[in-house]
Structures are given as C-alpha cells and as structure tokens.
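Each remark here refers to the structure printed beneath this line.
Chains as they are written, first to last, in our numbering: chain A, 1 to 395; chain B, 1001 to 1395.
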C-alpha cells in the first residue's frame, strides 16, 4: 500500500522546482500526469539529451509520470486542463508568474470548477511583496538571498553553490505544503491554494549566518571559506591530500589532543596551540600543521585513522566518487535502472516510509507519449474527439 | 482553522534538523512539545546566547513550542516519554543514531504502545547501508555528498556552502514524510516509521551536476566558480560593482545584444563575441568587458538599468541587506517580533496555505519552562507525582 494511493496529481511544471515536487508525490504512490507545452519542458532538450530528446536531468526527475502534451495558448487545450482539474486532487504549477491567471486557469477559476482541488504554485518571490511576479533563476535567487554572500573565501568573491539548492529547497517545501493541504482536506472536504516562493524557501537555511551577523553587530566576516562560520573552532577546514581533499574538525579540546596523538608532529606542542582560543588566534599556523600531515596521505588513509581516533572527518568526494559510493548505491536515492532500451539513471526518494514502500519509477516518457490514453481513459473522450484536438493543435 | 489543528507532536530534536521539521508543523497548527535533556539542546547556549541562555538560532527555530525537560537516561524520564507517546500523533527525533533504541524507545517499542503514532527519525546516513549509524555534521555531509566538490573556483579548493543547506534540506524532507504518514493514517488508522537521512536529502539537488559529469564522461570541471555549470552560457557571472557584486546572465543571443546596447562598449563588436560559441571560447575577455562596465556603477543602478532592458540579473545581497530587504520584510519568513521582554527575531514559514493561516509563534520557552504544566495537563499527573519526578532528577 502507498501513502498516496488514489491521489491524482496534474503537474504543469518545468525545470526542477515543480517537477521535483510531483516526483516525490509519484514515489509515494500518487498518479502524476505531467503536462508540457508543445515545445516540451525546457529541461528535456539540454545539451545532455539523448537521441530521443530526453536529457539526463529530465529523466532523473520525470520518471514514473504520465506525459500529456497540451497547448494552453489554444482554447481547446485550456478546456482539456479544466476537465483534468475536475478529475484531479492536486494541480501543481511553476509557469512564469501570472501565466495561469492569464490563461483563465488561476486558483479562483480552478477552485470554482473543483472545490476539492489543491492548487500548488511555485514562484521566485511569491504572490505579494515588492518583487512579486519578478522572474527568478537559481543564480539570481542565490544572489538575492545571501547564499552567495555567505559562500566563498573571506577575501575572495561571493560564490554560488554548485548544487541547485534553491530549486530543490523550493520543491521540497512545495511537497510539504501539498501534503498538509491533503491532510486538511480530509477534515474540511475543501481544497486550497498552496504557495511556495524560492526566496522564502532558502531563507531558513541562513539561520546560523543571520544569527552570527546580528549578534556580532556585523563584525563577523560574511563568508569564511571552509573554516567554521563563527571562526570559533580550529582546526575546521578542508585539507589537501595525495588524491584530493579531506575535511577535519576538532570541536573540543579532547578531539584536538587525539589529533595531535595521531599526527605526532612536535610543532603542535607550541603553547600558542594549547587551547581553542589560542588555536583560533593562530588558525593559519594550525591549518599548516594539519595540512602537512594530510598532504602525504590519501583520503582513505586519513579517513580510516581519524575514524579510529573518533575525530570528525570526511573525504571530499568528487561527483564520480559520489555516484560510485557504496553507501549511495545501497540507499538508492540515485537509482541505476535498466529496461529493454538499456541502462538509465533516475532519482528514488529521500523519504523512507515503513508503510509506503517506494513506487519504483518507469523510464521518463517521451513528450506527449500518453496524450491519447489520458484523454480516453481519464476524460472519457472518443477517438473522434481526440482526433479533433490533435487537428486543432491543442494537444 | 489550521491544517494540523488537533495534531500533537513530540520532538526529541536538537540542532536544526528535527527542530526545523517540528517548527513547520507548529506553524501549520500542530501542538509541539520540545523535549530537551537536562543540559538543554546544544544550540541553546551558543556564543550568540542572551543572558537567559537562549541563542538567536535557538529562538528562530523553537518559538511556538512548549518546552519539557526530560532525562531519558533516567528510567522515570523514559516512562514519561512513553506516556507522552501514547497521547501523541507524531514523535520526531534526531538524537545520535541508535540512541532511542538503546533507551528502549525505538520504533517497535513505541509502535506497540501506540499503533497510531508516527515516528520520524532524522540521521546522517539512515538505518541501512555501509555508513548507517555513523555520526554526521553539516560539514562532513557536504564533503561526502559532493556539495563541496561542486562549489568553488575551478582551480581553487572545494568549498562548503555558507548556509546550512544539508540540515535544512533534511528537515524539510522530514516534514514531508511526516505529513504523508499523517495522510496515510487517515485511511489505514495506523502510524508508521518515517526516516530521512541528510546525505539522501541533499543528493537530488546535485541532479544537474551528476548529469553533466556523466554525459561529458568526466570532461566537465567539477566546479566553475560563478560561471554556468555547463560553461555553455556567457556572460554568466558575478561582477564587482562600486558597492559590492552583481550577477548578470545572458542565456540567449537577444539578451547579449540588449546588454551590448546598454553597455555601449565598442570592444563588444569584436567578431570573437558574435555568437554564444565564440563568447564561451573567450569567456575571460567577455567577463572583463562586463566587469569594466559594472565597476563604475552601484548595484542598484545596474539592477535598474538591466531590469528595464529585460536582462536577468540580481544584486548580491549581504546578510545585512537581506535582513533589511523590503521584500523579505513583507514576506515575513524572517519575522521581527516584539513582546513585553523586548524585540526578538524568529522564523515564520515558507508554506503559504490559503486555508491555514500561519500560527503566529510566541517566544521560544526557557529550558523546561512548561514541564510542570505538561505533566499535569497532558499526562494528568498530580502535584505529588510531579514533585517526585523533580526529586528523582527525571525532569
């Protein structure tokens, strides 16, 4: 049995934000129909696309969904969406701000058609506030939310984070909003409008940075490279090894004493390094000593000896090492799949529910691959009606 | 009316992971009891703590919850938790892996006491796989999940992200898992075990990086500073201004042509910059030209002129600018509060539900401030029984 068995979701989503939301719902057992404009989700045809025009990114997030092509600029296309909204429990969308309203498919219209429908909207800045309606991209939200300002070396430029943390934080919050609304509907019988804005969704992760800035009166550097954000723990850094980098941190005096035992470097006896305050005042010298020790060892050697000494540490995995990591392989959030068309890769789910086993995804469908089946099975259209929609360019 | 009205949550949480999860549930209307060991959540007494021993971080995430002090190392303390579990709908915990089991308070034991209870566990690596049970911190998970490897300049070291993206991605997924289980319980009448691991939760945000690595056969650099991850869009960078940094990107030829119109720099006429392929091959030269233009302007000037020309851009806000930003102020995810003890700051919620208005949080309670009230009201204990628990050091 699945948590969301019987729940029908229509996702007018593109890029990562809404598609990640509907992907998690699919893994929990929802029936997800992905609706795409005639040109397809822009993330289908990235430079990583295969011969059939499906990129690895698209495949990772859109497996396990049915694919409907629909032109919302066509009145008959909009009518199809209205009919689908009447059969669905949830409609998720992250089109450009205001686009659904301009199509006459805003929350009020949809709610009138189906009072039980939950409508979930993902935008950059939300529906109110001075920037409401402005377009947004991962880079510009990272800039506007101080994610960049807090990332990088103290004397270097602000840096964006490599992973798309903004889009995925948005998608995860959106799924929480949808699930809360589904729960509430059990008691009220009514749907509602759920809104998540990217800038809002990333803001809580800056709690520590904001707290440090406020209580230091702005005296703390905005960014501290790989050092501790409050510069209050030393050593705390990434150190170069023979084959890459390793992180090591010593939050307490006991950790430091165990590390000096491991390193056996007489220069650690310097009284300047005797306590945490001294080490913080001389962080460059401490990092040099630790870096000298790591430089002649491999990541695995370092990890083995520090784990034994109970000192917090981790190798810095490259993307290739991550994909092949035995733990990542076994967890299956990154899934190596195989079907009659060959091998492919997709995402499972970080949500492990003991009573709702993961619904194993089938390969992402080609653009519009299920259009005829959905119009027939879900909306009860005849072949003639469906042919008419095709002839009108609505699907 | 609130989405989670009548839902009772017990949170044995510390740091950010579980507390963020229970905070979002509180904002949706759940009654949350935060349980702390006699020494308190380690995040209470950070260097940012006030005279009463409450840090800004703690205050931001633990407002709107009741506070119970409980020693789970004491048999009478464990008995109190068992009684609470019998009255609760959800129990959330992110103690060290295996700690709840060692206390005899693992999922099986709790499920036997209350088959409707949903137990949500947050850990670094989950309950299976080679690293199951290993401790984890934001820095070590960032290292082990390639967040660091993908962040930073191509020829510089891997860098951690400034915000605590790992902990908050974990907390957001955990709340989604809890809500899915609450919905499922409406149909099954049974609770279940929900598990989220930090390494799993951050992995989907690396979709783009993993796809690029695989399809390029490892030829793409792991990290590209502020440049486009696929090095396929130029300009795409953060540029120095008079008063900080500004991000500018030109995803299409039309954007570039509008930018050259704005900049009025004759060196852009160079045929090397005529199309995207040429600009990508000479990205350093293009960035120099754009940087020359931004260097003599302020962030606000740049933002105004580029918005008018419809060119994607954003100023890089500092933390101070973020806190004072008019949009951030109006959204209220970061909330500036005031009560009879003065001004304080907390988090609202990125979840905007039209039928479940935000439950306005009251100030975070002092350690154990509601212990007596909870034992009396929720568990029906007499004053004598409560005094005994205090005398035994259980509460």
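C-beta: ideal position from N, C-alpha, C; glycine also.
- Using a Cβ-Cβ cut-off of 8 Å, residue 204 of chain A counts as an interface residue toward chain B, since at least one Cβ of chain B sits closer than that to its own.
- When only Cα atoms are considered, residue 175 of chain A and residue 1303 of chain B end up about 32 Å apart.
- In the structure shown, the three-state DSSP call for residue 1324 of chain B is helix.
- For residue 1184 of chain B, the nearest CB of chain A lies under 8 Å from its own CB, placing it at the interface with that chain.
- Following the DSSP letters along the chain, one finds residue 187 of chain A inside the alpha helix (DSSP H) bounded by residues 165-188.
- Going by beta carbons, residue 1151 of chain B and residue 61 of chain A fall outside the 8 Å limit.
- Annotation: Cβ neighbours of residue 245 of chain A in chain B (cutoff 9 Å, chain order): 1143, 1148, 1149, 1157, 1158.
- In the structure shown, the three-state DSSP call for residue 315 of chain A is strand.
- Annotation: residue 1094 of chain B has no Cβ neighbours in chain A at a cutoff of 8 Å; minimum Cβ distance is about 15 Å.
- When rounded, the separation of the alpha-carbon atoms in residue 259 of chain A and residue 309 of chain A is 8 Å.
- As far as DSSP is concerned, residue 376 of chain A takes part in no beta bridge.
- Per DSSP, the beta bridge partners of residue 1346 of chain B are B:1335.
- Taking each of A:357, A:247, A:300, A:216 in turn and checking the Cα distance to residue 1049 of chain B, the smallest one comes out for A:216.
- Per DSSP, the continuous beta strand (DSSP E) segment holding residue 1237 of chain B begins and ends at 1236-1241.
- A straight-line Cα-Cα distance of about 12 Å links residue 1039 of chain B and residue 1072 of chain B.
- In this structure, residue 1226 of chain B lies near residue 159 of chain A, with their beta-carbon atoms less than 8 Å apart.
- Scanning chain B for C-beta atoms nearer than 9 Å to the C-beta of residue 192 of chain A yields 1003, 1353, 1354, 1355, 1356, reported in chain order.
- Only residues of its own chain outside the window of five on either side were considered, and among them 33, 84, 88, 91 have a CB closer than 6 Å to the CB of residue 10 of chain A, listed in chain order.
- At a cut-off of 8 Å between C-beta atoms, residue 1278 of chain B does not count as an interface residue with respect to chain A.
- When the Cα atoms are used, residue 1330 of chain B and residue 1342 of chain B turn out to be separated by approximately 21 Å.
- At least 8 Å separates the CB of residue 109 of chain A from every CB of chain B.
- Closest by C-alpha distance to residue 1059 of chain B, out of B:1014, B:1132, B:1074, is B:1014.
- At a cut-off of 8 Å between beta carbons, residue 1070 of chain B makes no contact with chain A.
- Taken in chain order, the members of the stretch 1162-1175 of chain B whose beta-carbon sits within less than 7 Å of a beta-carbon on chain A are 1162, 1163, 1164, 1165, 1168, 1169, 1172, 1173, 1175.
- Interface flag for residue 1200 of chain B against chain A is set, since a Cβ pair is found closer than 8 Å.
- Look at residue 1254 of chain B here: in three-state DSSP terms it is helix.
- Interface with chain B (8 Å Cβ-Cβ cutoff): residue 327 of chain A is included.
- Residue range 1066-1069 is occupied by the beta strand (DSSP E) that includes residue 1069 of chain B.
- Below 8 Å, enough C-beta pairs join the stretch 163-172 of chain A and the stretch 198-205 of chain A to call them touching: three or more.
- Interface annotation, residue 337 of chain A: not in contact with chain B, CB-CB separation never under 8 Å.
- Cβ-Cβ separation between residue 1349 of chain B and residue 1024 of chain B: approximately 6 Å, consistent with a contact (criterion under 8 Å).
- Listed by position along chain B, the residues whose Cβ is nearer than 7 Å to that of residue 223 of chain A are 1162.
- Per DSSP, reduced to three states, the secondary structure at residue 1077 of chain B is helical.
- Straight-line measurement puts the Cα of residue 162 of chain A at about 14 Å from the Cα of residue 1144 of chain B.
- Between residue 353 of chain A and residue 1181 of chain B, the C-beta spacing is below 8 Å.
- In the structure shown, residue 192 of chain A adopts coil according to DSSP, grouped into three states.
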